[in-house]
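Worksheet: one structure, shown below.
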Amino acid sequence: MTSTVVITKLDGTTYDLNALGFHVKKFDVPYPNFQYTFQSMSTYHNLLVDRVVQQTTISLVLDITANDTNDFELQKLKLRRILSSNEEFYVQTMRMPFLRWKVVADTFTPAQNNSFWRASDVQINLECTESYAETVATTLTPMNATSGLWGFGLEIPSKKKLEYEFNNQTEFDFINLGIIPLKADERPVRIIFKGNANNLKITNTTTNQSYSISGSLSKNDTLEIVGLVPIINGSQAYGRCNHAYLDFAVGKNHLRIEGSSDFNIKFDTRFYY
549 MTSTVVITKL DGTTYDLNAL GFHVKKFDVP YPNFQYTFQS MSTYHNLLVD
599 RVVQQTTISL VLDITANDTN DFELQKLKLR RILSSNEEFY VQTMRMPFLR
649 WKVVADTFTP AQNNSFWRAS DVQINLECTE SYAETVATTL TPMNATSGLW
699 GFGLEIPSKK KLEYEFNNQT EFDFINLGII PLKADERPVR IIFKGNANNL
749 KITNTTTNQS YSISGSLSKN DTLEIVGLVP IINGSQAYGR CNHAYLDFAV
799 GKNHLRIEGS SDFNIKFDTR FYY
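In the working numbering, the protein residues as written are 549 to 821.
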């Protein structure tokens, strides 16, 4: 039977629901759920002052099939284990296997069909706190057909190769393919820098933000910037930065490197849809 929905635990364990006897009949993902705040300005005018994305509910409907009554009870235990929400887990449909949602499962009741060894139309609500899907692959995964981790609908250009690793280029473009910005305090891009530098400065001219590290770095050093925090050779170095951060707008971001011309820099992130 063709796989339709796969559950992946945080430790990497995967469960193909169809292959395990849970026939998926529906997997409906709503659009992101926004909450809007308005301010009344006058009799005939209201101003939109804030918008916040709330959690969204993915509807999963399946049939539980078994070989006999005892096997039916075992199937229910297996499904309980798969959908255990002691921690979040990922769900993805094989119609678009390159996207996944991080979810937890609401309580549900699989009711047996009379004396038959099955339960039909079991409704399971999966709560997605992030509201958006994320790419299975990151920008450090080769963005080509052979990797099998990227696909149609992600707005990957067909005639231009996207790069997220640069050598000795002091100006270049970072393309955020997703539909939301990558903000340092929400979905930070992991930046990895190795090279000879003195008072390194990284500027995103698109967002008009700059991040700088005082002092010198050598090719033996590894600098990682994760959100607000710089890490040099595995140790936090917050005192050496300018206490700024870098966001990445949707689409093209133009970056400039100052204080070094002999380096390698990589950007590690997922995209969100």
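Heads up, the beta-carbon is just placed ideally off N, CA and C, and yes, glycines get one too.
If you check the CB distance, T683 and F819 come in under 7 Å. Under the DSSP assignment, D611 falls in the beta strand (DSSP E) whose first and last residues are 604 to 613. Here DSSP, grouped into helix, strand and coil, assigns S695 to helix. Under DSSP, K709 shares a beta bridge with no residue. Distance from the Cα of N747 is smallest, within the candidate group L771, L730, G726, R738, for L771. Distances from the alpha-carbon of P705 to those of G799, I740, E806 put G799 closest. In this structure, the beta-carbon distance from N790 to S760 falls below 7 Å.
If you draw a straight line from the Cα of F714 to the Cα of G726, it is about 21 Å long.
In the three-state reduction of the DSSP assignment, Q784 falls in the strand class. Per DSSP, reduced to three states, the secondary structure at K624 is helical.
In this structure L595 is in contact with Q587, their Cβ atoms being roughly 5 Å apart against a cut-off of 8 Å. The three-state reading of DSSP puts R629 in helix, counting H, G and I together. Two segments are said to touch when three or more pairs of C-beta atoms, one from each, lie closer than 8 Å; by this definition the segment 803 to 813 touches the segment 739 to 753.
Annotation: the continuous beta strand (DSSP E) that includes A745 extends over 738 to 752. Take the alpha-carbon of L622 and the one of E703: they are about 43 Å apart. The segment 667 to 685 and the segment 637 to 655 touch, with no fewer than 3 CB-CB distances between them shorter than 8 Å. Straight across, the Cα-Cα distance linking G787 with K749 is about 15 Å. Counting every other CB atom within 10 Å of its CB across the protein chains shown gives G569 a total of 16 or more, marking it as buried. Under the three-state reduction of DSSP, N618 is assigned to helix.
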